[in-house]
Amino acid sequence: LVGGSRCSGRLEILHDQTWMSVCDAAFDQQDAEVVCRELDCGAPVQVLGAAAFGKGVTQ
Numbered sequence: 001l002v003g004g005s006r007c008s009g010r011l012e013i014l015h016d017q018t019w020m021s022v023c024d025a026a027f028d029q030q031d032a033e034v035v036c037r038e039l040d041c042g043a044p045v046q047v048l049g050a051a052a053f054g055k056g057v058t059q
C-alpha cells in the first residue's frame, strides 16, 4: 500500500519487475475484503477511487 498506512493507501502489485497500481474501475468492497484479510487489517471501512492516495503507475 502506497501513500497511506499499513492498512490504507493505493494498492500496487509487482508485475514483471515493475510496481503497478491496481485499477479502481472494477475494484469493489469484496476485493477490499480479500486484500484487508490478507494484510491482517480487519474489515475494510471504505473503498476509495479517483486516485484518493495519489495517481499511480499503470500500463
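Going by our numbering, the letters in the sequence shown line up with residues 1 to 59, in that order. We put the beta carbon where it would ideally sit given N, CA and C, even for glycine.
Taking 8 Å as the cut-off, decide whether the C-beta atoms of Val47 and Asp28 are in contact. As a first step, residue 47 must be located in the sequence shown, where it is residue number 47. As a first step, residue 28 must be located in the sequence shown, where it is residue number 28. Yes, Cβ-Cβ distance for Val47 and Asp28 is below 8 Å.
Which residue or residues does DSSP assign as beta-bridge partners of Leu14? Walking along the sequence shown from the start, residue 14 turns up at place 14. Partner(s): Trp19.
How is Val45 classed by DSSP in three states: helix, strand or coil? Locating residue 45 in the sequence shown gives position 45, counting from the first residue. When secondary structure is reduced to three states using DSSP, Val45 falls in the coil class, being assigned neither helix nor strand.
Through-space distance from Trp19 to Glu12, alpha-carbon basis: The residue given as residue 12 occupies position 12 in the sequence shown. The residue given as residue 19 occupies position 19 in the sequence shown. Distance between the alpha carbons of Glu12 and Trp19 is about 6 Å.
Between the alpha carbons of Ala26 and Gln17, how many angstroms are there, rounded? Here residue 26 refers to the residue found at position 26 of the sequence shown. Here residue 17 refers to the residue found at position 17 of the sequence shown. Our two residues, Ala26 and Gln17, have alpha carbons roughly 24 Å apart in a direct line.
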